[in-house]
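Visitor: Throughout the sequence shown, residue numbering follows this note's numbering, covering -19 to 457 in sequence.
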Amino acid sequence: MMSLLQNFDFLVYASYVILVIATMIVILLENRQPVKTMAWLMVLWFIPFIGIIFYFFFGRNTRKERMISERSLNQLTRRSMWEYVEQRDLHIPENKLPLVRLLSNRNYEMPFKDNDVEIFTSGYEFFPALLHTLSQAREHIHIESYIFDDDPLGRLIADALIAKARQGVEVRIIYDDVGCWSVKNAFFDRMRDAGIDVNNFLPVRFPAFTGKVNYRDHRKICVVDGKWGFIGGMNIARRYVQGTKRQGWRDTHLRVRGAGVYALQRTFLIDWYFVDRTLITDKKYYPPIDQKISNNCLMQVVTSGPVTPDPDIMQGYVRILLEAKRYVYMESPYFLPTEPVLFAMRAAALAGVDVRLIIPRHSDAKLVQWASQSYVREVLDGKVKVYLYEGAFNHSKILVSDDFISTVGSTNIDFRSFENNFEANAFFFDEAMALRLKHVFEEDERHSMLFTEEKAMQPNFWKRLGESIIRLLSPLL
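#1: Indicate the three-state DSSP secondary structure (helix, strand or coil) for Leu379 in the structure shown.
#2: Could you spell out the range, first to last residue, of the beta strand (DSSP E) harbouring Ala404?
#3: Please determine, among Pro291, Trp252, Gln147 and Asp270, the residue with the shortest C-alpha to C-alpha distance to Asn85.
#4: What residues are listed by DSSP as bridge partners for Val163?
#5: Going by the CB atoms, is the gap between Ser390 and Glu399 shorter than 7 Å?
#6: Excluding sequence positions up to five away, which residues of its chain have a Cβ less than 7 Å from the Cβ of Val221?
#7: What residues match up with Ser458 in a beta bridge as DSSP calls it?
#8: For the beta strand (DSSP E) that His71 lies in, which residues bound it at each end?
#9: For Gly209, list the residues DSSP reports as bridge partners.
#10: Would you say Ile273 and Val282 are within 7 Å of each other, going by their C-beta atoms?
#11: Starting from Arg135, trace the beta strand (DSSP E) in both directions and tell me its first and last residue.
#12: What are the partner residues of Met310, as DSSP defines its beta bridges?
#13: Given that a residue counts as buried once 16 or more other Cβ atoms are within 10 Å of its Cβ, and exposed if not, what is Glu434?
#14: Can you give me the start and stop residues for the alpha helix (DSSP H) that Tyr220 sits inside?
#15: Below 7 Å between beta carbons: does that hold for Asp130 and Val151?
#16: If you draw a straight line from the C-alpha of Gly296 to the C-alpha of Leu83, how long is it?
#17: Report yes or no: do three or more beta-carbon pairs, one from the segment 200 to 216 and one from the segment 168 to 181, lie closer than 8 Å?
#18: Pick out whichever of Asn275, Ile393 and Thr17 has its Cα sitting closest to the Cα of His71.
#19: Taking its Cβ as the centre, do 16 or more other Cβ atoms sit within 10 Å of Ile201, making it buried, or is it exposed?
#20: Considering Cα atoms alone, identify which of Val388, Lys144 and Ile99 is closest to Gln461.
#21: Do you know how far the Cα of Arg336 is from the Cα of Thr432?
#22: Quick one: what's got a C-beta closer than 6 Å to Tyr309's C-beta in the same chain, skipping five residues either side?
#23: Can you list, in chain order, the stretches of the alpha helix (DSSP H) that have 4 or more residues and sit fully within the segment 265 to 319?
#24: May I have the straight-line CA-CA distance separating Asp424 from Ile338, to the nearest angstrom?
#25: Could you check which residue in Met171, Thr101 and Phe248 has the C-alpha nearest to that of Ile203?
#26: Within the same chain, show all residues whose beta-carbon is closer than 7 Å to that of Leu302, passing over the 5 residues directly before and after it, in chain order.
#27: Which first and last residues belong to the alpha helix (DSSP H) in which Val491 is found?
#28: From which residue to which residue does the beta strand (DSSP E) around Phe102 run?
#29: With DSSP collapsed to three states, give me the class of Val255.
#30: Count the other CB atoms, across all protein chains shown, that sit within 10 Å of the CB of Met279; report buried if there are 16 or more and exposed otherwise.
#31: Starting from Glu150, trace the beta strand (DSSP E) both ways and give me its first and last residue.
#32: Can you find the residues in the same chain that come closer than 6 Å, C-beta to C-beta, to Ala217, ignoring five residues on each side of it along the sequence?
#33: In the DSSP assignment, what residue or residues form a beta bridge with Val178?
#34: Would you mind reading off the limits of the beta strand (DSSP E) that contains Tyr369?
#35: For my contact list, Cys277 and Val97 are in at a C-beta cut-off of 8 Å; report their separation, rounded to the angstrom.
#36: Taking the C-alpha atoms as reference points, what is the distance between Met22 and Lys263?
See below:
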């Protein structure tokens, strides 16, 4: 009997070793970034059994998978492409054409002129504007949000949507399954019962979708009647209106009127096809643009995710940094940059470009904050100026460069946003828009402290060792 047990234990151990070695070979053959490859190899080798489960849930690479067919993508894109072709007097500066082409890449994400943009820097500004816009809906409302909380604010938004659905307005909602894990099904069922189409993104149900738990829909988009669009960093959650602007959560969100709404609509409808397998291409979702809006404020909505051919938003950041002549100002709630972004920040600053970064002084994720410390010191060593935002948790994700290029969206400066999450950013090629976002940055800078503390720059051995160990896991955080 003892011999049989010993043989069984040996077979289990041998099978596990073979599985781990096979998985390590698969990771090596995927040719990921070396730091990410090393992180997963260490997890598999040094954390027995738990490591392989962790990889199964969070580590598999989906970059080469096709989650939406080329034919369906063409159908969903055709309407917005027609509107793009029909734009009159579209002028893209010659020196910015390579960046525009890079951002459009193979996803047909084109720039649109004639845009009127309103900037919100707190929930006290954004949510009343959102509710007012929802009240104007006559045809349809499309909402996509990482978090749609069952709290007083979430219920207020839900009530507004239910009221519109009862008036005959088409309402569609996409929420992220992991982002809304704490939200009970009854919250969304109440909206479904009122006639609202509600879908969750990549639901995690054992065992079918457990391998996709790491790939989340982090986008925050709203389109009303194809005339108004919202994009930025704010989820539908009370945390943005708790306390004051300097004590709650600080974030940046945009309301757009004009041709750029076509790009937001296209983004939502592609995601809707992904979650619902319904092709929505009717021209009513792309109504004529208000002729009173006539300017050359170019807006290009860029998406990225683990299944897109390239990490477009990350590539855009890198190119902006490397092509900057005077300055690049950035804000991010988390700072775990990929190697290309880290290199570009240091290279730009060392070349004399004024590169500034604002991150929160106090993070909502302590492990991530600890892991970011070594990256902060590395960019400081490369002449980047780093500021710590005081008071509120700064969840804002913006970039502005050289009084012309700017972007606002859902993308953090970290591995997760650049490689794992489904993200969406609005890129603008316009001086007036850049100056407005530059003012937002400078206002945040006035509430920040320059990171120059000697103790932080020269931590003791044990702190540096701990940070270095956690840094190895930063691609997984």
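Glycine residues also receive a C-beta, built at the ideal position from the N, C-alpha and C atoms.
Guide: In terms of the structure at hand:
#1: strand
#2: Glu403 to Phe409
#3: Pro291
#4: Val163 is not bridged to any residue.
#5: no
#6: So the qualifying residues of the chain are Gly103, Tyr104, Phe107, Leu133 and Gly228.
#7: A query on residue 458 cannot be resolved here, the shown segment of the chain reaching from -19 to 457 and no further.
#8: Looking at the DSSP string, His71 is not in any beta strand (DSSP E), and its letter there is neither H nor E.
#9: Val203 and Val236
#10: Cβ atoms of Ile273 and Val282: not closer than 7 Å.
#11: Looking at the DSSP string, Arg135 is not in any beta strand (DSSP E); the run it does join, the alpha helix (DSSP H), is Pro132 to Arg146.
#12: Leu337 and Leu379
#13: At Glu434, the pLDDT of 44 sits below 50, so the modelled position is not reliable; the number obtained from the coordinates is stated separately. By the neighbour-count rule (16 or more Cβ atoms within 10 Å), Glu434 is not buried but exposed.
#14: It is not in any alpha helix (DSSP H) - Tyr220 carries neither H nor E in the DSSP assignment.
#15: no
#16: 6 Å
#17: No, the segment 200 to 216 does not touch the segment 168 to 181.
#18: Among Asn275, Ile393 and Thr17, the Cα nearest to that of His71 is on Asn275.
#19: buried
#20: Limits of the chain in this structure are -19 at one end and 457 at the other, which puts residue 461 out of reach.
#21: Inter-residue distance for Thr432 and Arg336 is about 13 Å (C-alpha atoms, whole angstroms).
#22: Arg336, Val380 and Phe421
#23: 292 to 303
#24: 8 Å
#25: For the sequence presented, residue 203 should be read as Val rather than Ile. With distances taken between Cα atoms, Val203 lies closest to Phe248.
#26: Ala324, Ala327 and Ala328
#27: Outside the shown range of the chain (-19 to 457) lies residue 491, about which nothing can therefore be said.
#28: One detail in the question is off: residue 102 reads as Ser in this sequence, not Phe. Ser102 -> no beta strand (DSSP E), and no H or E assigned at all.
#29: helix
#30: buried
#31: Glu150 to Asp156
#32: Ile127 and Asp129
#33: Ile153
#34: Lys365 to Tyr369
#35: 7 Å
#36: Their backbone Cα atoms lie some 52 Å apart in a straight line.
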